[in-house]
Amino acid sequence: MSYRLTKVVSVHGCSCKLSQYQLSSLLDKACFTQGYNENVLAGAWENSSVVKIADNLAVLNTLDFFTPLVDEPEIQGRIAGSNVTSDIYTLGITDIASFLTVMAYPENMPDELAVGMLKGLGDFCREMNIPIVGGHTIRNPWPIIGGAATGIGPIDKIVYTRGAQPGDRLFLTKPLGIAAAMAAYRLRKEEIEDKELLSTIPTDIVETAINKAIQGMTSSNKLAAEVMQKIAIHAATDITGFGLKGHLTNMAKLGNVDIVINNLYVIPGAPELSELFGYPLLTGEAKETAGGILMAVSPEHSDDLQSEFDKQKMSYCEVGHVTQGNGKVTIINNPKITVAEP
Amino acid sequence: MSVETLNVKGKMCPMPVALTKRKLAEMQPKQLLIIIGEGELEFDNIQRWLNNNAYKIVAASKDNAEFKITVETKP
Chain A
1 MSYRLTKVVS VHGCSCKLSQ YQLSSLLDKA CFTQGYNENV LAGAWENSSV VKIADNLAVL
61 NTLDFFTPLV DEPEIQGRIA GSNVTSDIYT LGITDIASFL TVMAYPENMP DELAVGMLKG
121 LGDFCREMNI PIVGGHTIRN PWPIIGGAAT GIGPIDKIVY TRGAQPGDRL FLTKPLGIAA
181 AMAAYRLRKE EIEDKELLST IPTDIVETAI NKAIQGMTSS NKLAAEVMQK IAIHAATDIT
241 GFGLKGHLTN MAKLGNVDIV INNLYVIPGA PELSELFGYP LLTGEAKETA GGILMAVSPE
301 HSDDLQSEFD KQKMSYCEVG HVTQGNGKVT IINNPKITVA EP
Chain B
1 MSVETLNVKG KMCPMPVALT KRKLAEMQPK QLLIIIGEGE LEFDNIQRWL NNNAYKIVAA
61 SKDNAEFKIT VETKP
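Protein chains in written order, with the numbering used here: chain A, 1 to 342; chain B, 1 to 75.
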């Protein structure tokens with residue numbers, strides 16, 4: 001097919017998100033972060049909102065959409081489904097009661113691509129047993145896909161981004177490096193002359209990076225949420241458009257602690273590709289899309305958490321720890337690099 | 001010292017870095033390259049790549065969406 005989803009946008013996936021600084025400034029100016037009533041248990045800066053509707057029962061809402069990262073529409077739809085639902089699963093809630101789609105595309109984009117994106121999104125939601133109950137579709141110069149999800153769960157099982165405590169150990173469930181791998185994906189499809197720029201990295205490494213990135217983005221974080229229901233997790237956040245450091249800064253500030261990262265868990269080939277493209281992977285600032293969940297857990301529960309990850313055959317890696325402090329995140333110089341299994 | 005210009009406006013990431021890399025490889029030592037482009041990500045990525053690869057950035061400025069980076073080729 002000649003129409004390429006990734007070719008008609010200039011930023012891809014979560015890279016189209018505003019920076020935390022820009023978003024914070026907008027919300028403050030619009031007074032969006034003021035005046036919550038006592039039933040709002042979490043609002044802006046949480047991965048999804050949490051509103052109490054009865055004793056020990058809350059409704060969680062999230063909305064997420066972005067530009068395409070891949071040219072294959074069904075894969076793009078799956079990535080969108082994974083990314084939206086992750087915002088609920090990250091709070092440790094496994095029941096998503098409904099899903100509304102958000103889609104936009106230009107007039108010259110073939111309808112079959114729009115159908116493909118919806119099909120991928122629908123298949124993902126069906127596999128997670130989530131009903132799609134409606135949505136909204138508009139014309140727009142850039143294709144966009146995503147949606148709004150509504151979760152329901154017991155208040156005492158919800159894990160927030162706040163709550164990390166000094167001494168906690170940090171575990172991440174998906175490797176980093178999506179942006180670099182997907183940049184290689186796009187470059188690989190360019191004219192031969194441009195593709196030559198990838199020649200310093202063996203083809204099999206590039207292929208492995210791309211496949212691992214797509215596998216990660218299309219994998220649901222639901223299993224991680226199920227684990228979080230069983231183990232006492234102090235705090236959690238998914239790692240997406242603000243990058244590892246951005247999301248951890250949020251966790252550190254909300255918990256009034258410092259965070260030290262001494263081990264970067266990465267997609268095979270991502271460090272080499274990041275260096276080639278000038279991406280800030282090794283400083284934890286590279287943007288991720290549909291990334292894993294980072295959990296802060298006490299040392300006493302760390303073994304149980306790892307046993308549960310192993311039981312579920314999940315990928316994971318210990319990446320750092322929490323110390324006393326006031327919101328600072330440090331990625332140590334020359335951190336250990338742990339490369340995920342291909 | 002001769003000066004060359006590379007326009008990467010409208011190029012999608014990672015092409016601005018890739019084209020900068022190729023252009024610098026073609027140039028003679030101790031020349032100046034002015035890279036003109038757009039987008040915050042590209043502005044940061046190009047400078048990071050230049051720093052990682054020990055290039056000397058002579059000047060870098062941004063005016064709304066458009067940026068200009070002046071870099072010296074290696075001796």
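All residues carry an ideal CB built from backbone N, CA and C; glycine is no exception.
Among the options, which one has its Cα closest to the Cα of residue i?
i: residue 125 of chain A; options: A:114, A:137, A:107 and A:146; result: A:146
i: residue 331 of chain A; options: A:168, A:4, A:285 and A:57; result: A:285
i: residue 278 of chain A; options: A:321, A:177, A:71 and A:166; result: A:177
i: residue 49 of chain A; options: A:65, A:13 and A:152; result: A:152
i: residue 120 of chain A; options: A:320, A:217 and A:222; result: A:217
i: residue 25 of chain A; options: A:45, A:7, A:141 and A:201; result: A:45
i: residue 19 of chain A; options: A:160, A:340, A:191 and A:240; result: A:240
i: residue 228 of chain A; options: A:173, A:197 and A:65; result: A:173
i: residue 144 of chain A; options: A:34, A:114 and A:296; result: A:114
i: residue 76 of chain B; options: B:11, B:59 and B:28; result: The structure shown does not extend to residue 76 of chain B, since chain B is modelled only from 1 to 75, so the question has no answer here.
i: residue 290 of chain A; options: A:221, A:283, A:249 and A:302; result: A:221
i: residue 72 of chain B; options: B:63, B:42 and B:23; result: B:23
i: residue 72 of chain A; options: A:207, A:17 and A:185; result: A:185
i: residue 237 of chain A; options: A:230, A:250 and A:226; result: A:250
i: residue 41 of chain A; options: A:54, A:29 and A:31; result: A:54
i: residue 33 of chain B; options: B:14, B:55, B:12 and B:41; result: B:55
i: residue 12 of chain B; options: A:300, A:36, A:123 and A:182; result: A:182
i: residue 21 of chain A; options: A:324, A:314, A:247 and A:316; result: A:247
Tell me, to the nearest whole angstrom, how far the beta carbon of residue i is from that of residue j; I am working on the premise that it is less than 8 Å.
i: residue 117 of chain A; j: residue 77 of chain A; result: 4 Å
i: residue 337 of chain A; j: residue 260 of chain A; result: In fact, because the Cβ distance is near 16 Å, the residues do not count as touching under 8 Å.
i: residue 345 of chain A; j: residue 162 of chain A; result: The question about residue 345 of chain A has no answer here: the residues shown for chain A are numbered 1 through 342.
i: residue 158 of chain A; j: residue 91 of chain A; result: 5 Å
i: residue 269 of chain A; j: residue 232 of chain A; result: Not quite, the Cβ-Cβ distance comes to about 36 Å (not below 8 Å), so this is no contact.
i: residue 197 of chain A; j: residue 206 of chain A; result: Not quite, the Cβ-Cβ distance comes to about 11 Å (not below 8 Å), so this is no contact.
i: residue 264 of chain A; j: residue 335 of chain A; result: 5 Å
i: residue 15 of chain A; j: residue 19 of chain B; result: Not a contact, Cβ separation roughly 19 Å.
Pick helix, strand or coil for residue i, following the three-state DSSP scheme.
i: residue 21 of chain B; result: helix
i: residue 32 of chain A; result: coil
i: residue 127 of chain A; result: helix
i: residue 16 of chain A; result: helix
i: residue 43 of chain A; result: strand
i: residue 16 of chain B; result: helix
i: residue 37 of chain A; result: coil
i: residue 324 of chain A; result: strand
i: residue 73 of chain B; result: coil
i: residue 6 of chain A; result: helix
i: residue 263 of chain A; result: strand
i: residue 122 of chain A; result: helix
i: residue 61 of chain A; result: strand
i: residue 61 of chain B; result: strand
i: residue 46 of chain B; result: helix
i: residue 386 of chain A; result: Here chain A has residues from 1 to 342 only, and residue 386 of chain A is not among them.
i: residue 51 of chain B; result: helix
i: residue 48 of chain A; result: coil
i: residue 56 of chain B; result: strand
i: residue 11 of chain B; result: coil
i: residue 157 of chain A; result: helix
i: residue 26 of chain B; result: helix
i: residue 40 of chain B; result: helix
Sorted by chain position, which residues of the same chain lie with C-beta nearer than 6 Å to residue i's C-beta, five sequence neighbours on each side aside?
i: residue 353 of chain A; result: Nothing about residue 353 of chain A can be reported from this structure: the residues present for chain A run from 1 to 342 only.
i: residue 99 of chain A; result: 125, 130, 132, 147 and 149
i: residue 135 of chain A; result: 100 and 101
i: residue 17 of chain B; result: 45, 46 and 49
i: residue 224 of chain A; result: 173 and 293
i: residue 274 of chain A; result: 180 and 281
i: residue 89 of chain A; result: 221, 222 and 225
i: residue 316 of chain A; result: 171, 173 and 309
Less than 7 Å between C-beta atoms, sequence neighbours within five positions excluded: which residues of the same chain meet that for residue i?
i: residue 141 of chain A; result: 106
i: residue 9 of chain B; result: 36, 37 and 38
i: residue 7 of chain B; result: 36
i: residue 321 of chain A; result: 168, 169, 170 and 260
If I measure Cβ to Cβ from residue i and keep anything under 8 Å in the same chain, skipping five residues before and after, which residues do I get?
i: residue 60 of chain B; result: 43, 47, 67, 68, 69 and 70
i: residue 57 of chain A; result: 152, 153, 154 and 155
Any alpha helix (DSSP H) of 4 or more consecutive residues that is wholly inside the region 170-256 of chain A: 178-188, 192-195, 203-218, 222-230 and 243-255, all fully within the region 170-256 of chain A.
Alpha helix (DSSP H) runs contained entirely in the region 265-310 of chain A, provided each spans 4 or more residues: Runs found: 270-277.
Within the region 69-117 of chain A, ranges of the alpha helix (DSSP H) (whole runs, at least 4 residues): 73-89
Entirely enclosed beta strand (DSSP E) segments - the region 130-155 of chain A, minimum 3 residues: 132-139 and 144-153
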